[in-house]
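Participant: This structure is in structure tokens; I'll ask about it shortly.
Protein chains: 2
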Amino acid sequence: MRSGIMTSMAVPNPIVDTLERAGQRLTGPRRAVAELIVAREGTFTAADLVADARVRRLGIGRATVFRSIELLAGLGAVERVDLPSGDHAYVTCIPAHHHHVICARCGRTAEIGDIGVGTLARSVTRLTGFRVDEHHLELFGLCPECQLAEDR
Amino acid sequence: MRSGIMTSMAVPNPIVDTLERAGQRLTGPRRAVAELIVAREGTFTAADLVADARVRRLGIGRATVFRSIELLAGLGAVERVDLPSGDHAYVTCIPAHHHHVICARCGRTAEIGDIGVGTLARSVTRLTGFRVDEHHLELFGLCPECQLAEDR
DNA sequence: GTTTTTGCAAACCATTTGCAGGGTC
DNA sequence: GACCCTGCAAATGGTTTGCAAAAAC
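Residue numbers (the working numbering), protein chains in the order written: chain A, 1 to 152; chain B, 153 to 304.
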């Protein structure tokens, strides 16, 4: 795959779009990080991106990768998830209320809309008296492909 | 060695029970950590316990605190939760399938049984084809007390 | 008595920060 | 041209590890 670093106007990059829409500066390094993220399917860690950048010899420093991820997380373009392993990873996502299912084998993810967690939160309030303001739901399992692979 | 300090055989400690049941060695430091955990209401971090131990002048090292927490997490006596702040904290819990609501203000928690996340997982499978094996649900909000405090 | 656990300190590793130079708007 | 962003390297802070002494079974 080519990435030509950042000349591909042809390939639409939703993350770059998010940056533009938010009025953030579209710098070379940010575009590059955006490309790296889009090039990855599934979850990725900061270290993954640093490694990717290194392999492709983009001269991007660790700090910039971390700062870009932070920026994107703030904009809701990526979301931090805590893997069962304890690692911090990120997933790209459309900025809307939703959740992810994460494949424990390949890291691929699927987005799912608000599947009734709100209702669930309401019943928690009824049961405990706690007011629920926020929630994190992460589902882990196997994607269809990896289920097949497992059966072999 | 036995930590003096908290010799209360009278106070039943569910965490100590868990250790015994699991056939783990009941060492002084482990008991002490168990006591510290029980003494805390709500979430706590490894650093909290280290500080507590220090204040009470139990001669317990950082490493031991981390190792004990790890052990207890493996046994399901405590569970790791990732706070919205990004910190890693732990909550004590009864080893059964359940979730927690965490007060964002005081850290107090309430346990809740399986409130239909299973059903929810099933519908995710239907929608995405992912097999769901595991899930993390954390709810954050305000406990009854802190709601009152806020209104003031 | 054998095996496991502990405390200490050093090692690690991921993430953050200070700062001078360079890029973006 | 002003201000923001970047890279580098050093600092940070949480967590882990190696090892000899001590405790548990």
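All C-beta atoms, glycine included, are put in the ideal place defined by N, C-alpha and C.
Say whether chain B places a C-beta atom closer than 8 Å to the C-beta of cysteine 106 of chain A.
Facilitator: So no, cysteine 106 of chain A is outside the interface.
Participant: Listed in chain order, which residues of the segment 118-142 of chain A have Cβ atoms closer than 7 Å to some Cβ of chain B?
Facilitator: Under the 7 Å Cβ criterion, the segment 118-142 of chain A contributes Leu120, Ala121, Ser123, Val124, Leu127, Thr128, Gly129, Phe130, Arg131, Val132, Asp133, Glu134, His135, His136, Leu137, Glu138, Leu139, Phe140, Gly141 and Leu142.
Participant: Starting from the Cα of proline 29 of chain A, find the closest Cα among A/Phe66, A/Thr45 and A/Thr119 and give me that residue.
Facilitator: With distances taken between Cα atoms, proline 29 of chain A lies closest to A/Phe66.
Participant: Name the DSSP bridge partner or partners of cysteine 103 of chain A?
Facilitator: Beta-bridge pairing links cysteine 103 of chain A to A/Gly141.
Participant: Here's the rule I'm using: 16 or more other beta-carbon atoms within 10 Å means buried, otherwise exposed. How should glycine 268 of chain B be labelled?
Facilitator: By the 10 Å Cβ count, glycine 268 of chain B comes out exposed.
Participant: Show which residues of chain B have a CB atom less than 7 Å away from the CB atom of valine 101 of chain A.
Facilitator: Chain B residues near valine 101 of chain A: Val276, Thr280, Phe282 and Val284.
Participant: Check for me: the alpha helix (DSSP H) holding aspartate 204 of chain B runs from which residue to which?
Facilitator: Here the alpha helix (DSSP H) through aspartate 204 of chain B covers 198-207.
Participant: Do you know how far the Cα of glutamate 193 of chain B is from the Cα of alanine 131 of chain A?
Facilitator: Here residue 131 of chain A is arginine; the residue named in the question, alanine, does not match the sequence. Going from the Cα of arginine 131 of chain A to the Cα of glutamate 193 of chain B covers about 18 Å.
Participant: Count the other CB atoms within 10 Å of the CB of serine 237 of chain B; is the residue buried (16 or more) or exposed (fewer)?
Facilitator: So serine 237 of chain B ends up on the exposed side.
Participant: Just to check my reading of the structure: threonine 280 of chain B and isoleucine 112 of chain A have Cβ atoms closer than 8 Å, yes? What is that Cβ distance to the nearest angstrom?
Facilitator: Going by Cβ atoms, the distance from threonine 280 of chain B to isoleucine 112 of chain A rounds to 6 Å, so yes, they are a contact pair.
Participant: Secondary structure at alanine 273 of chain B, three-state DSSP: helix, strand or coil?
Facilitator: Three-state result, alanine 273 of chain B: helix.
Participant: Does aspartate 151 of chain A come out as helix, strand or coil in the three-state DSSP assignment?
Facilitator: Residue state, collapsed to three classes: helix.
Participant: Could you tell me the distance, in whole angstroms, from the CA atom of asparagine 13 of chain A to the CA atom of glycine 59 of chain A?
Facilitator: Those two C-alpha atoms are separated by around 21 Å.
Participant: For isoleucine 189 of chain B, count neighbouring C-beta atoms within 10 Å of its own C-beta (all shown protein chains included) and say buried if the count is 16 or more, exposed if not.
Facilitator: Buried, because 16 or more other Cβ atoms sit within 10 Å of the Cβ of isoleucine 189 of chain B.
Participant: Assign arginine 21 of chain A to one of three DSSP states: helix, strand, or coil.
Facilitator: In the structure shown, arginine 21 of chain A sits in a helix (DSSP, three-state: H, G or I).
Participant: What does aspartate 82 of chain A touch in chain B if you count any residue whose Cβ is under 8 Å from its own?
Facilitator: By Cβ distance, chain B contributes Asp234 and His288.
Participant: Tell me whether serine 275 of chain B is buried or exposed, calling it buried when 16 or more other Cβ atoms sit within 10 Å of its Cβ.
Facilitator: Counting Cβ neighbours within 10 Å, serine 275 of chain B comes out exposed, since fewer than 16 surround it.
Participant: Measure from the alpha carbon of leucine 75 of chain A to the alpha carbon of each residue in A/Gly141, A/His135 and A/Ala22, then state which is nearest.
Facilitator: The option with the nearest alpha carbon to leucine 75 of chain A is A/Ala22.
Participant: Using only the alpha-carbon positions, how far apart do arginine 154 of chain B and leucine 235 of chain B sit?
Facilitator: Any reading at arginine 154 of chain B must be qualified, since the residue scores a pLDDT of 43, below 50, and its modelled position is unreliable; no value is offered.
Participant: Applying a beta-carbon distance threshold of less than 7 Å, which residues of chain B neighbour glutamine 24 of chain A?
Facilitator: None at all; the shortest Cβ gap to chain B is about 22 Å.
Participant: Once you ignore the five residues that flank threonine 125 of chain A on each side, which residues in its own chain have a CB closer than 8 Å to its CB?
Facilitator: Arg131 and Val132, listed in sequence order.
Participant: Nearest-angstrom Cα distance between glycine 213 of chain B and alanine 89 of chain A?
Facilitator: Roughly 30 Å separates the two Cα atoms.
Participant: With a cut-off of 8 Å, does the C-beta of isoleucine 112 of chain A fall near any C-beta of chain B?
Facilitator: Yes, contact with chain B.
Participant: Which residues in chain A sit within 8 Å of isoleucine 221 of chain B, going by Cβ to Cβ distance?
Facilitator: What isoleucine 221 of chain B touches in chain A: nothing, since even the nearest Cβ is about 12 Å away.
Participant: Kindly say whether isoleucine 115 of chain A, judged by its beta-carbon, lies nearer than 8 Å to any beta-carbon of chain B.
Facilitator: Output row for isoleucine 115 of chain A: interface = yes.
Participant: Where does isoleucine 189 of chain B sit, in a helix, a strand or coil, going by DSSP?
Facilitator: DSSP places isoleucine 189 of chain B in helix when its eight states are reduced to three.
Participant: Less than 8 Å between CB atoms is the rule here; does proline 296 of chain B satisfy it with respect to chain A?
Facilitator: Chain A, which has a Cβ nearer than 8 Å to the Cβ of proline 296 of chain B, makes this yes.
Participant: Classify valine 55 of chain A: buried if its beta carbon has 16 or more other beta carbons within 10 angstroms, exposed otherwise.
Facilitator: Answer is exposed; the Cβ neighbour count stays below 16.
Participant: In angstroms, rounded to a whole number, what distance separates the CA positions of threonine 18 of chain A and glutamate 70 of chain A?
Facilitator: So the alpha carbons of these two residues sit roughly 14 Å apart.
Participant: Distance, Cα to Cα, alanine 191 of chain B vs aspartate 239 of chain B?
Facilitator: Their Cα atoms are separated by approximately 21 Å.
Participant: With which residues is glutamate 111 of chain A paired in a DSSP beta bridge?
Facilitator: Glutamate 111 of chain A pairs with A/His100.
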